[in-house]
Structure formats: structure tokens, C-alpha cells
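Sequences listed follow chains C and U, in order.
Here this note's numbering is used: the first sequence runs in plain steps of one and ends on residue 169.
Here this note's numbering is used: the second sequence runs in plain steps of one and ends on residue 338.
Glycine included, C-beta positions come from ideal geometry on N, C-alpha and C.
The block underneath contains the structure these notes are about, expressed in C-alpha cells.
Number of protein chains: 2
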Amino acid sequence: MTAKKDTLGLVAGAFRQHDHAKCISLLMNAARDLCTERGLRLTPVREKVLKLLLKSHAPLGAYDILSELAASGFRAQPPVAYRALDFLVDNGFAHRIEKINAFVACSQPRDKHSPIFMICNDCHQVAETSVRSQSSSLDRTARAIGFDIKHTVVEAEGLCAECRERMPQ
Amino acid sequence: MTAKKDTLGLVAGAFRQHDHAKCISLLMNAARDLCTERGLRLTPVREKVLKLLLKSHAPLGAYDILSELAASGFRAQPPVAYRALDFLVDNGFAHRIEKINAFVACSQPRDKHSPIFMICNDCHQVAETSVRSQSSSLDRTARAIGFDIKHTVVEAEGLCAECRERMPQ
DNA sequence: TCGTGTGATGTTATACTATAACAATATTAA
DNA sequence: TTAATATTGTTATAGTATAACATCACACGA
Chain C
1 MTAKKDTLGL
11 VAGAFRQHDH
21 AKCISLLMNA
31 ARDLCTERGL
41 RLTPVREKVL
51 KLLLKSHAPL
61 GAYDILSELA
71 ASGFRAQPPV
81 AYRALDFLVD
91 NGFAHRIEKI
101 NAFVACSQPR
111 DKHSPIFMIC
121 NDCHQVAETS
131 VRSQSSSLDR
141 TARAIGFDIK
151 HTVVEAEGLC
161 AECRERMPQ
Chain U
170 MTAKKDTLGL
180 VAGAFRQHDH
190 AKCISLLMNA
200 ARDLCTERGL
210 RLTPVREKVL
220 KLLLKSHAPL
230 GAYDILSELA
240 ASGFRAQPPV
250 AYRALDFLVD
260 NGFAHRIEKI
270 NAFVACSQPR
280 DKHSPIFMIC
290 NDCHQVAETS
300 VRSQSSSLDR
310 TARAIGFDIK
320 HTVVEAEGLC
330 AECRERMPQ
């Protein structure tokens, strides 16, 4: 049984190849540990949703998740998906990508960070990177006008290296 | 007739006081000039929507705009608002704020720039600033992984200086 | 162990956001 | 004038998200 190689980096991979099966189980375990440590309950539906996000090569919409839940015998009214997603996002196991109304598993659930997403318009995959302290323009601007930042959204749309190379000219 | 002073900076003001009436007419004229220069048509409904955005102290949702259009005798089916907004956004007269599904007039329609928004969760106003070249983490990250950026979304939620000062403790 | 309070889930209904598709009209350029 | 193109009119529907309230499960102190 050879380790499955993805052409497609996603959650942790920033469009790079990696062993996705391993990456899934690592992050799944990390989530379980973190929940224990913090007294959070990784209930069946929450665990299932996290698993779906981890398995996916691209961000999933709430209704994508909803239909996968239904297919696995979970209740499938919208609040079921949204509640699980809220839990995962609130506790740092997943992120919402505003530009495309979709969700991805977080690649570094243990660390507080401000995620940055690169969204490929061709293969629809998303790479997550992050900065720990907002070094960026955002932070400088905020200081300049006395704005107190609670949460940041930093996303870029474009073409990943692979897709760019595949392009006609 | 004294010039009306806003407590509330918006479009160009980044939460600062400014002469909003003057700021509206300046930006309205800039838009007209730019359209002439570039062979774009600032049709009545497009002009009206831009005026609504400029007048507002906070971002407007598409359906806010739609009802204001209706109140002014324009047709009021959703595509009417969305088309006008698409025109304004595509041509740099307005921006979409992803985090709140809303639109603001651009404060620098003449310059190509990557806007940065600070969204106050208390007064719901938004300040726009910008960087001309993405100095930021985004740009560095993109280079590092060979990602070709077409468009960026950089937004921060939090409290503006005024609202913070007004807070209980 | 028995409440009891809190958090989680079940369910219905509805609100909000956005676009497809095609018809009709206006404008521009040949 | 005509043809091509851009804009507007209109209907219908798709897609995203939450309010509200009922029920259930679990944790913890009495």
C-alpha cells in the first residue's frame, strides 16, 4: 500500500505535493488533542465536517458539506452544517474564505495566526500561509488611525504556479 | 449655510472629520471625467448608485441600494443594482467589501491600487486606505510559491478610535 | 442518583445575497 | 441605414445564512 501522493497541495501544502493521507490524520489527531486540552467537544457531526474539509482538495461550501453529511446519514438541515462550521472556525480548526463563501481546514490549528489565502481561479485550490504578527500594511494602517483590529481577512485570487505553467501561452 | 461637518469620516476620511458634501462632489466629478476620458458611459442608474454610495456613511448592501433606487423612480429588480455595482467596481469607482457583502465608493478612483479596509463593528463605518505596490505579506508569499495575483482582498474588522473611546471601560 | 443547568442537536421557516436567461431598447460605428 | 454592441427590462431561480423554538444529552453539585 503506497502512500497516496497528491498532485495538489491543499491544506498545508500551498499547492505543493504532499502525503495527503498522512496530513489528514495528523491534523485530525491534533484537533482531537486540542479539544481535550481545551474542554471542547468534538462531537460526531463536528468531527465529520472537519474530516470532510481535510479530505477535500478545495474549499467546501456549507451546502457541499451539507450534502456530504446527508450522504453519511447525518441530519442535513442548513443549521447542522453552519453550526459545525461555526464551531470549527471559532476554535481555529477551520477558516472561512470570504471571497468564495467557503471553508477550509486550518493547517496550523495549534498556533494563533492571521491566515493568508491564495485562491487559484483555475484549479480552485487554496493555499494557506500566515503571519504571526501582522507585519503588513494592515497593521501599519491600523496603528496610524488608532483602529483596533479584531480579525483580518487577507486573500488573493489568481493563478497558482502549476496552472500558470499549464496555460496555453 | 455652513459647510456640513461629519463626525464620521467615510469614503476618503478613514474615520476622520471632513467636509462630506465637498468630498461627494469632488468624487462625483472625478467619476464623470474619468468616464469621459475612458469612453465609459455613466448612465443615470450608474450615476445614481455612485451618488448613493458617496452619500452613505457606511457601506451599502445591494438591496439597500435597490430600495433607494426604487424610491427614486428607478426600476428595482436585483439585476439593476448588481449591474450598476458591477460597472462601478469593474471600473474602479467602487469596491466590494467581502466581509460584509457590501459596497463603498472608492476614494481614489484615478489611481490603480489595492484597497485595504478597516471595518468598525460598532459604528459600521469603513475606512479605505491602500498600498500601491503590495509590499505586504501577501506579495511576499505569492512570490515564494510562484502564485500570480490578480486581485487581493485585505480587510480588518475591529473598533475605530472614536468608538473605542466611547466604550464603557 | 437525582435533579438542574448548560450546551448541543433537531426542525421549520424565512431572510438575505446573487445570477441565469432572454427580450427589448439604445448607442455607436461602418 | 444598418449592423454590431452595450445597456436596460423582466421573470425566475440559485445560492448563502440565520432566527426561533423544541428536544435531547451531558456534566456537575446537592
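Outcome for residue i when other beta-carbon atoms lying within 10 angstroms are tallied against a minimum of 16
| i | result |
| --- | --- |
| Pro284/U | buried |
| Ser305/U | buried |
| Lys268/U | buried |
| Thr298/U | buried |
| Glu237/U | buried |
| Ala71/C | exposed |
| Glu324/U | buried |
| Arg265/U | buried |
| Thr310/U | buried |
| Leu88/C | buried |
| Leu26/C | exposed |
| Met118/C | buried |
| Thr176/U | Here the model assigns Thr176/U a pLDDT of 26, short of 50, so the residue's position is not dependable, and the following value carries that caveat. It counts as exposed. |
8 Å Cβ shell around residue i - same chain, five flanking residues per side excluded
| i | result |
| --- | --- |
| Met170/U | A caution first: Met170/U carries a pLDDT of 35, below 50, which makes its placement in the model unreliable, though a value can still be read off. Contacts found: none. |
| Lys4/C | In this predicted model, Lys4/C has a pLDDT of only 32, less than 50, meaning its place in the structure is not dependable; the value taken from the coordinates is given anyway. Closer than 8 Å at the Cβ level, and outside the excluded window around Lys4/C, lie Asp19, His20 and Ala21. |
| Pro79/C | none |
| Ala81/C | Val49, Ala62, Tyr63, Ile65, Leu66 and Leu69 |
| Leu138/C | Ile149, Thr152 and Val154 |
| Ala245/U | Leu235, Ser236, Leu238 and Ala239 |
Cβ-based neighbour list, residue i, same chain, cut-off 7 Å, excluding 5 preceding and 5 following
| i | result |
| --- | --- |
| Ala31/C | Leu42, Leu50, Phe93 and Pro109 |
| Leu222/U | Leu229, Ala263, Phe272, Val273 and Ala274 |
| Pro213/U | none |
| Asp291/U | Leu328 and Cys332 |
| Val153/C | Glu98 |
| Leu34/C | Pro109 and Arg110 |
| Lys55/C | Ile24 |
| Asn270/U | Gly230 |
| Glu47/C | none |
| Met336/U | none |
| Asn260/U | Leu209 |
| Ala253/U | Val214, Arg215 and Val218 |
| Phe74/C | Val45, Lys48 and Val80 |
Contacting residues, own chain, Cβ-Cβ under 6 Å from residue i (five flanking each side not counted)
| i | result |
| --- | --- |
| Ala129/U | Lying outside 170 to 338, the shown extent of chain U, residue 129/U is not represented and no answer is given. |
| Ala12/C | Its pLDDT being 40, under 50, Ala12/C is placed unreliably by the model, and nothing is read from it. |
Return the residues of the segment 307–325 of chain U that lie within a Cβ-Cβ distance of less than 7 Å from chain C, sorted by chain order.
The segment 307–325 of chain U vs chain C, Cβ under 7 Å: Leu307, Thr310, Ala311, Ile314, Gly315, Phe316, Asp317, Ile318, Lys319, His320, Thr321, Val322, Val323, Glu324 and Ala325.
Residues, ordered as in the chain, of the segment 277–299 of chain U that lie near chain C by beta-carbon distance below 8 Å
Ile285, Met287, Cys289, Asn290, Ala296 and Thr298
Curious, which full-length beta strand (DSSP E) runs of at least 3 residues does the segment 186–233 of chain U contain?
Taking only runs of at least 3 residues, no beta strand (DSSP E) segment lies wholly in the segment 186–233 of chain U.
Tell me, please, whether the segment 306–325 of chain U touches the segment 155–166 of chain C by the rule of three or more beta-carbon pairs shorter than 8 Å.
yes
Every unbroken alpha helix (DSSP H) within the segment 137–166 of chain C, with a cutoff of 4 residues, ordered by chain
137–145 and 161–166
For the segment 210–225 of chain U, list every residue whose C-beta sits within 8 Å of some C-beta in chain C, in sequence order.
Within the segment 210–225 of chain U, no residue places its CB atom closer than 8 Å to a CB of chain C.
Identify each residue in the segment 263–277 of chain U for which the Cβ-Cβ distance to at least one residue of chain C is less than 8 Å, and report them in chain order.
Glu267 and Lys268
Could you name the residues of the segment 223–253 of chain U whose beta carbon sits closer than 8 Å to any beta carbon of chain C, in the order they occur along the chain?
Here the close residues number zero.
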